[in-house]
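Novice: First, the structure itself, so that you have it in front of you.
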Amino acid sequence: MLSLVLRRLGLLVPVLLGLSVLLFAWLRALPGDPARAMLGERATPAGIAAVNRLYGFDQPLWQQYFTYLGRMATGNFGNSTRTGQPVLSTFLERFPATVELALAALLVAICLGIPLGYFAARRNGSWLDHLAVGGSLLGVVVPVFFLAFLLKWLFALELGWLPTTGRQNPRIDATHITNLYVLDGLMTREWDAAWDAVLHLVLPAMALGAIPLAIVVRITRASVLDVLNEDHVRTAEAKGLLRGTVSRRHVLRNAMLPVSTTLGLQAGALLAGAVLTETVFAFNGIGEYLFQAVNQLDYPVLQGFILAIAVIYAVVNLLVDISYGLLDPRVRVS
Amino acid sequence: MSAAADARRAGALPVPPGESLLSVRDLRVQFVRRGAAPVTAVDGVSFDVGAGEILGLVGESGCGKSVTSLAVMGLLPRRSSRVSGEVRFAGRDLLTLPQQQLRDLRGRELGMVFQDPMTSLNPVLTLGTQVTEVLRRHEGMGRREARERAADLLRGVGIPDPARRLGEYPHQLSGGMRQRALIAIALACRPRLLIADEPTTALDVTIQAQVLDLLQQLVRESGTAMVLITHDLGVVAGLCDRVDVLYAGRVVESANRRDLFAAPRHRYTQGLLGSVPRTDANGKVPLTPIPGSVRDMLPWADGCAFLPRCHRGDDACRTAGIDLEPRAGADAASTPPHRARCVHPAGLDDAPGPAGAQPAGAHAVARPDGAEVRP
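Chains as they are written, first to last, in full-length UniProt numbering: chain D, 1 to 334; chain Y, 1 to 375.
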């Protein structure tokens, strides 16, 4: 097991190197000039030249790349050209917000998606099944930003049930330890702070969780249908086990194998979707920051953040592979 | 006979006097699909099994034998199948029993061994979980007690080093071991009725004989009633007390084993026996297959379903309501009566039989392990 983890982590190095080259080239190929973006409409040629010299944008591309790579090896990801803040510390500061949002969205997807998919399969062909299948199609085709605006308009602006933006009401003087606000509230027993953070999470999590939810419903449904037709479920029924035991132990557990794989792949969708969701709800995570960085062609931020997202994506999928071994003894041996 | 079985378990319902432990009457199973005509898989099957008795249900694929067993166990998908008739087990009709009560009986009083051991165990659970869960459900055992019993059970079916095996997963066991484990599971709560649906089909020949011996031994020792479903007459010859031959969802011949092999009456039974390799003929007697396939059938309403494949059939067979009844005085005198659903029963009405017809006589049948059985 350990050797598998190490091997997979080792494989990550060439992947990330390749990605850094692509990213570097791709960002430079984008239309626009970072210096002009920084200085605005009335930039003078001298000012632009000064900025380019300052950030090394006047050097040949390959030289810029290797300088960048060398700095990165020492943990220096550069400073934002927009705010001047170090990229790494900004990332670490904002990342917990995105993690909190992604986990909440995942929770929505799992806690609603698995039961929904399960019951749709059990009542295959019923109105519930049709609703689940149709609803999940809708969930996939509606763009995240549209859904986010819709939810915000309806539940926050029109009905006023939930807060419109942010992560926590600033009037609550909450103590922050991990920067996962809900967790912080629970740890410090500041219940009002935790509850307020939960309320702020509801709409963004629903917006971000819609696509994973739809996919989980579909995969669970298909997978449960498959498992229900397997001989071992009939054996379980022949044992006279209680309905709940058959469902949990003999159907759902087996049906979770493809679902767990899908959830891992969705980690990427969650991080990418977070850009739009966080922007709509002014949720101070990496997504919102990335959005601003794109607008300003903030090369160091874009490079650093996207590489970090790639690492997270790979690690999440590694974790999924490991969990697969826990779920299915047959893949454990090799 | 059933009194002994009843005494084994306190609280088990007694079998009403004059009734067998399992008594199936006019069992009918239809599969329904929206937009399609219903398909009748079992068409009025009746049989009885008493404690300590082994009944063979014989027929080729598609004759309704597996569906019959699933219907008895209440394991057919309820939305797509319609089951009617009566399945009386110890005086209760299983078909009208509430789901929860049926679940209480399954695994405890009714055990079932399935055809394919490779797929009949859950691949992601340890053998221990799969054996102990039935004990914990029905016998109210704790974790440890159930584990000890499970180890005993595995040892009882001939699995070496059972304590270690309990921690293993199905893919770590061979096919024969898996079928043994499934038998152990089916017998864990000492059921009064065991249904074995082609328990040896997926196993290789040497293992087949071992598994059959094991089943027979367990059934004889515990006085369990057993319904053995098979297409293999060798298995029947070695194991069964009585045999019902199924064709197109109906019993076409019902007899004790000796009568069936000595004087098959129905032309289908005769054909089945003719298709079995004979070990007493030094390989010189060519096999006589039954022409056509089970799909070439006449609806029972129009006459004998076997008619299109029968070498003896004529227009007399094109009549509805050919009954399952004794066809000769000696057949009626047998216990139970030797009954056949045939207008021109073999051995009694062979006059215009064409060349190649089977001589009715004693058949010796090879058991899977090569031993020869003369009923």
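Cβ coordinates follow ideal geometry from the N, Cα and C atoms, glycine included.
Is there a Cβ of chain D sitting closer than 9 Å to that of L13/Y, yes or no?
Specialist: Cβ-Cβ to chain D under 9 Å: no for L13/Y.
Novice: Which full runs of the beta strand (DSSP E) of 3+ residues lie inside the segment 297-339 of chain Y, going along the chain?
Specialist: For the segment 297-339 of chain Y, not a single whole beta strand (DSSP E) run of length 3 or above is found.
Novice: Is the beta carbon of L21/Y less than 9 Å from the beta carbon of A51/Y?
Specialist: Yes.
Novice: Name, please, each residue of chain D whose Cβ falls closer than 8 Å to the Cβ of F114/Y.
Specialist: Those are D231, R234, T235, A238, listed as they occur along chain D.
Novice: Under three-state DSSP, which class holds E133/Y?
Specialist: Helix at E133/Y.
Novice: Let me see if you follow: with CB-CB separation under 9 Å, is G140/Y close to chain D or not?
Specialist: No, G140/Y does not count as interfacial toward chain D.
Novice: Can you give me the start and stop residues for the alpha helix (DSSP H) that T279/D sits inside?
Specialist: First-last of the alpha helix (DSSP H) with T279/D: 253-280.
Novice: What are the residues of the segment 116-139 of chain Y that lie near chain D, defined by any Cβ-Cβ distance shorter than 9 Å?
Specialist: Those residues of the segment 116-139 of chain Y that come within reach of chain D (Cβ to Cβ, closer than 9 Å) are D116, M118, T119, S120, L121, N122, P123, V124, L125, T126, T129, Q130, E133, V134, R137, H138.
Novice: Tell me whether the beta-carbon of L55/Y lies closer than 9 Å to the beta-carbon of A248/Y.
Specialist: Cβ distance not < 9 Å, so L55/Y and A248/Y don't count as in contact.
Novice: Using the three-state DSSP reduction, which class does F119/D fall into: helix, strand or coil?
Specialist: Here F119/D sits in helix by DSSP.
Novice: Taking Cβ positions only, does P352/Y come closer than 9 Å to chain D?
Specialist: Low per-residue confidence applies at P352/Y: pLDDT is 48, beneath 50, and the placement is therefore not dependable, though the value from the model is reported in the following sentence. For P352/Y, the answer is no, since every Cβ of chain D falls outside 9 Å of its Cβ.
Novice: Between residue 335/D and the rest of its own chain, which residues show a CB-CB distance below 7 Å, the 5 nearest in sequence each way excluded?
Specialist: Nothing about residue 335/D can be read from this structure; chain D reaches only from 1 to 334.
Novice: State the DSSP-derived secondary structure class of G18/D, mapped to helix, strand or coil.
Specialist: The answer is helix: DSSP assigns G18/D an H, G or I state.
Novice: Report the residue from Y55/D, R221/D, D192/D, Y181/D whose alpha carbon sits nearest the alpha carbon of D129/D.
Specialist: Checked all of Y55/D, R221/D, D192/D, Y181/D; the closest Cα to D129/D is R221/D.
Novice: Identify each residue in the segment 169-181 of chain Y for which the Cβ-Cβ distance to at least one residue of chain D is less than 8 Å, and report them in chain order.
Specialist: So the close ones are Y169, H171.
Novice: Would you mind sorting I286/D into buried or exposed? The rule is 16 or more other CB atoms within 10 Å of its CB.
Specialist: Buried: at least 16 other Cβ atoms inside 10 Å.
Novice: Do V219/Y and R180/Y come within 9 Å of each other at the CB atom, strictly closer than that value?
Specialist: In this structure, V219/Y does not lie closer than 9 Å to R180/Y by Cβ.
Novice: What does a CB cutoff of less than 6 Å around G273/D pick up in its chain, not counting 5 residues either side in sequence?
Specialist: Same-chain partners within the cutoff: V144, L208.
Novice: Just to confirm my understanding: we take Q216/Y, look at its own chain, exclude 5 residues before and 5 after, and list those with CB closer than 6 Å. What are they?
Specialist: Closer than 6 Å at the Cβ level, and outside the excluded window around Q216/Y, lie L239.
Novice: Evaluate L9/D with the Cβ neighbour count: other Cβ atoms within 10 Å of its Cβ, from every protein chain shown; 16 or more gives buried, anything less gives exposed.
Specialist: Result: exposed.
Novice: Nearest CA to the CA of V140/D: which residue from I215/D, V316/D, Y118/D?
Specialist: With distances taken between Cα atoms, V140/D lies closest to I215/D.
Novice: Starting from L241/D, find everything on chain Y with Cβ-Cβ shorter than 9 Å and list it in chain order.
Specialist: Ordered by position in chain Y, the residues that pass the 9 Å Cβ test against L241/D are R103, R106, G107, E133, V134, R137.
Novice: From this set, F306/Y, A301/Y, W300/Y, which residue's C-alpha is nearest V294/Y's C-alpha?
Specialist: Of F306/Y, A301/Y, W300/Y, the residue nearest in Cα terms is F306/Y.
Novice: For S20/Y, would you say it is in contact with chain D, using Cβ-to-Cβ distances shorter than 9 Å as the test?
Specialist: Output row for S20/Y: interface = no.
Novice: Determine, for A36/Y, whether the minimum Cβ-Cβ distance to residues of chain D falls below 9 Å.
Specialist: By this cut-off, A36/Y is not an interface position.
Novice: Span of the alpha helix (DSSP H) holding P34/D?
Specialist: That run of the alpha helix (DSSP H) goes 34-39.
Novice: Please decide whether G64/Y counts as near chain D, where near means a Cβ-Cβ distance under 9 Å.
Specialist: No - not a single Cβ of chain D is within 9 Å of the one on G64/Y.
Novice: Determine contact between the segment 132-145 of chain Y and the segment 82-100 of chain Y, defined as no fewer than three beta-carbon pairs at a distance below 8 Å.
Specialist: Contact fails: fewer than three Cβ-Cβ distances are below 8 Å.
Novice: Buried or exposed: where does F114/Y fall if 16 or more other Cβ atoms within 10 Å of its Cβ makes it buried?
Specialist: The residue in question, F114/Y, is buried, as its Cβ has 16 or more Cβ neighbours within 10 Å.
Novice: Quick one: residues in its chain with C-beta nearer than 6 Å to the C-beta of I114/D, no 5 flanking neighbours on either side, listed in chain order?
Specialist: Only T220 meet the Cβ criterion.
Novice: If I measure Cβ to Cβ from L16/D and keep anything under 6 Å in the same chain, skipping five residues before and after, which residues do I get?
Specialist: If we look at L16/D and ignore the five residues flanking it on each side, it has no Cβ neighbours.
Novice: Is there at least one Cβ from chain Y nearer than 9 Å to T245/D's Cβ?
Specialist: Yes, its Cβ sits closer than 9 Å to a Cβ of chain Y.
Novice: So which residues on chain D does M73/Y lean against when the C-beta distance must stay under 7 Å?
Specialist: Ordered by position in chain D, the residues that pass the 7 Å Cβ test against M73/Y are A238.
Novice: From D48/Y to G158/Y, what distance separates their C-alpha atoms?
Specialist: Each residue's Cα considered, the two are about 31 Å apart.
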